[in-house]
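Remarks on the structure that follows.
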Amino acid sequence: MGVCQAKGTHTKEEHNPSRGYGEKAHFLRKNIENGSPVTSPRNRELQTKATHYLRLFLEGAESVFGGGYPFNSPDEQYHVSLTFLNSCVEVTRMKFRLKTVVIVDLIEKIAIEKKLKTILSILPDVKENCVDEGFARLLHMWFENNSGFSNTLDRADDGPVMVGKNINKNAKNLTGFSSILASYLRSAISIQAMNIFPKFVHDGDIMTVEQFGKFLRETQRTDVTDSQVREKYNYRFGGAIHRYNFNTYLGGLSTNCALDPLRTKDVWQDMTQPLTRYSVNTARIESEADLTRALEDSSRAFLLNLKKNEEGVLCSGTCPLQTILESIQKNGFVTNSYPIVLCLSPAKTISLELMDELACIITKDFSSLLAKGLMFEGSIISDPKFSPAALRKKVLLLGYQSRLKPFVGCFVADMNRDGLGVRVTDVVEGTPAAKGGLSKDDWLTHINGEAIQNNNTCVNDWPSFILVKNLL
Numbered sequence: 006m007g008v009c010q011a012k013g014t015h016t017k018e019e020h021n022p023s024r025g026y027g028e029k030a031h032f033l034r035k036n037i038e039n040g041s042p043v044t045s046p047r048n049r050e051l052q053t054k055a056t057h058y059l060r061l062f063l064e065g066a067e068s069v070f071g072g073g074y075p076f077n078s079p080d081e082q083y084h085v086s087l088t089f090l091n092s093c094v095e096v097t098r099m100k101f102r103l104k105t106v107v108i109v110d111l112i113e114k115i116a117i118e119k120k121l122k123t124i125l126s127i128l129p130d131v132k133e134n135c136v137d138e139g140f141a142r143l144l145h146m147w148f149e150n151n152s153g154f155s156n157t158l159d160r161a162d163d164g165p166v167m168v169g170k171n172i173n174k175n176a177k178n179l180t181g182f183s184s185i186l187a188s189y190l191r192s193a194i195s196i197q198a199m200n201i202f203p204k205f206v207h208d209g210d211i212m213t214v215e216q217f218g219k220f221l222r223e224t225q226r227t228d229v230t231d232s233q234v235r236e237k238y239n240y241r242f243g244g245a246i247h248r249y250n251f252n253t254y255l256g257g258l259s260t261n262c263a264l265d266p267l268r269t270k271d272v273w274q275d276m277t278q279p280l281t282r283y284s285v286n287t288a289r290i291e292s293e294a295d296l297t298r299a300l301e302d303s304s305r306a307f308l309l310n311l312k313k314n315e316e317g318v319l320c321s322g323t324c325p326l327q328t329i330l331e332s333i334q335k336n337g338f339v340t341n342s343y344p345i346v347l348c349l350s351p352a353k354t355i356s357l358e359l360m361d362e363l364a365c366i367i368t369k370d371f372s373s374l375l376a377k378g379l380m381f382e383g384s385i386i387s388d389p390k391f392s393p394a395a396l397r398k399k400v401l402l403l404g405y406q407s408r409l410k411p412f413v414g415c416f417v418a419d420m421n422r423d424g425l426g427v428r429v430t431d432v433v434e435g436t437p438a439a440k441g442g443l444s445k446d447d448w449l450t451h452i453n454g455e456a457i458q459n460n461n462t463c464v465n466d467w468p469s470f471i472l473v474k475n476l477l
């Protein structure tokens, strides 16, 4: 499964350290992404946990970047702070499955509340999907050691740490996360990397994309394109290269591909993006041999052409649907845990009879395999919870767009009464059903001209399949 991410352009305002944090906050609100996040109870719970996690280290980071550490220049201080904040946003996004805009808003609220002027002044320049590997490891470690969201690490050496004679005399002693962060910065420059960094940046403190490309081609003898250079600049260094992350890059086996060519990757392996950003290896299932080959090749999408054979068994080609589902349950996730998508053929309309049987088979014996919830273009499909990483070892049903589109996003109940069809129990806001005017307590009596005989259908199974059937 390879990622095909659509990265939006980012317009960066010229850095102005003198700008007040109140004005910066106003700038951020003007430039933040359009649209409001989902306010479901689950989403609010994740936001609460993310806020608690961010509070554990943002004040410590402010004490370091706001004058507690002796950087060479304001420019270096700004870019180191920016790469840290980029990494902070990305790590929090991956940990709590929240959108970037939500995390930025949470950081802004904390920064305003705690008067974290340095963080607030840099926040408008944060870029999505940029992460410094060193800072990311530090934040992951902090997350693991504070899984119970305690305020301090259970460490004996967490006392005050001074960081040099050039420290701001008004700065407080560094403790907790600020101590760890300052120690990390000091260790990153304790061993000079053969003076390579000054050679390429000359008298500056920041290495540009062009200078980094020159270093890769001339010093490391790496054949890279300009786009690969920029991708590494963002995804390994957090959007800026300074002497701290440059030194850790040169000494890191897991990130410096020149040390271990086998680790070179042409694709950025981020499996936390919405499913629409990925291309998926697809296999058509017409026989059991096709099914075996698809599982051996670790295909993640199976194209099914459902029909009944002469014995009345529901099959895709000659392969029984029951066999397909049992094979997926047994062998589908042995070597690859990412979700499998069952694609119903768009070339053939499935009858209501086949819909009923498919719904009964799946919900009766394989309900634990199915991913919960609805997905469709322009709505919940952009939810971080519908990503390959969040849907591991789950099966999705993918159908074609049909005349049933107005019903996508509604929930119905079988009232077990002849001739009345089914009653709409809920309509999800923003879905095609809501936009089409469907309301709670409406009755559905016919589909495609055929009456809904609720006593002849699986109770609550047919409606759930109809909703899943029209995913895209």
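Using this note's numbering, the first residue of the sequence shown is number 6, and each one after it goes up by one. All C-beta atoms in this analysis are idealised placements derived from N, C-alpha and C, irrespective of residue type, glycine included.
| query | result |
| --- | --- |
| Sub-8 angstroms separation of Ala141 and Leu63 beta-carbons | no |
| Identity of the residue in Ala376, Arg298, Lys237 and Phe182 nearest Thr287 by Cα | Arg298 |
| Cβ separation of Pro344 and Val400, assumed to be a contact under 8 angstroms, to the nearest whole Å | 7 angstroms |
| Bridge partners - Asp137, DSSP secondary structure assignment | Phe242 |
| Residue span of the beta strand (DSSP E) that contains Arg428, given as start and end | Val427 to Val432 |
| Glu67 and Ile108 closer than 8 angstroms at C-beta | no |
| Gln82 versus Ile211, Val285, Leu449 and Thr340, residue with shortest Cα-Cα distance | Ile211 |
| Contact under 8 angstroms by Cβ, Val69 with Leu186 | yes |
| Inter-residue Cα distance where the pair is Gln52 and Asn341 | 30 angstroms |
| Alpha-carbon to alpha-carbon, Arg222 and Leu61 | 41 angstroms |
| Nearest to Val318 (by Cα), restricted to the options Pro279, Ile366, Arg289 and Ser350 | Ile366 |
| Gly218 versus Trp147: straight-line alpha-carbon distance, rounded | 33 angstroms |
| Straight-line gap, Arg282 to Ser392 (C-alpha atoms, nearest Å) | 9 angstroms |
| Beta-carbon gap between Leu443 and Val432 smaller than 8 angstroms | yes |
| Sequence-distant residues of the same chain with beta carbon closer than 6 angstroms to Ser304, five excluded per side | Asn286 and Ala288 |
| Spatial distance of Ser292 from Lys369 (CA atoms) | 24 angstroms |
| 8 angstroms Cβ cutoff met for Leu128 and Val96 | no |
| Closest Cα partner of Pro203 within the set Cys348, Ala438, Lys237 and Asn77 | Asn77 |
| Cβ-Cβ separation, Asn310 to Ser350 (assumed contact under 8 angstroms), whole Å | 4 angstroms |
| DSSP three-state assignment for Met212, whether helix, strand or coil | strand |
| Status (buried if at least 16 other CB within 10 Å, exposed otherwise) for Lys114 | exposed |
| Backbone secondary structure at Val94 - three-state DSSP | helix |
| Glu133, buried or exposed, once every other Cβ within 10 Å from all chains shown has been counted against 16 | buried |
| Buried versus exposed, by CB contacts within 10 Å (16 or more), Pro279 | buried |
| Run of the alpha helix (DSSP H) containing Thr53, from where it starts to where it stops | Pro46 to Arg60 |
| Pair within 8 angstroms by beta-carbon distance, Ile333 and Tyr249 | no |
| Own chain partners of Arg235 with C-beta closer than 6 angstroms, once the 5 adjacent residues on each side are dropped | Val214 |
| Check whether Thr88 and Asp137 have beta carbons under 8 angstroms apart | yes |
| Classification of Gly243 by the beta-carbon crowding that lies within 10 angstroms, buried from 16 upward | buried |
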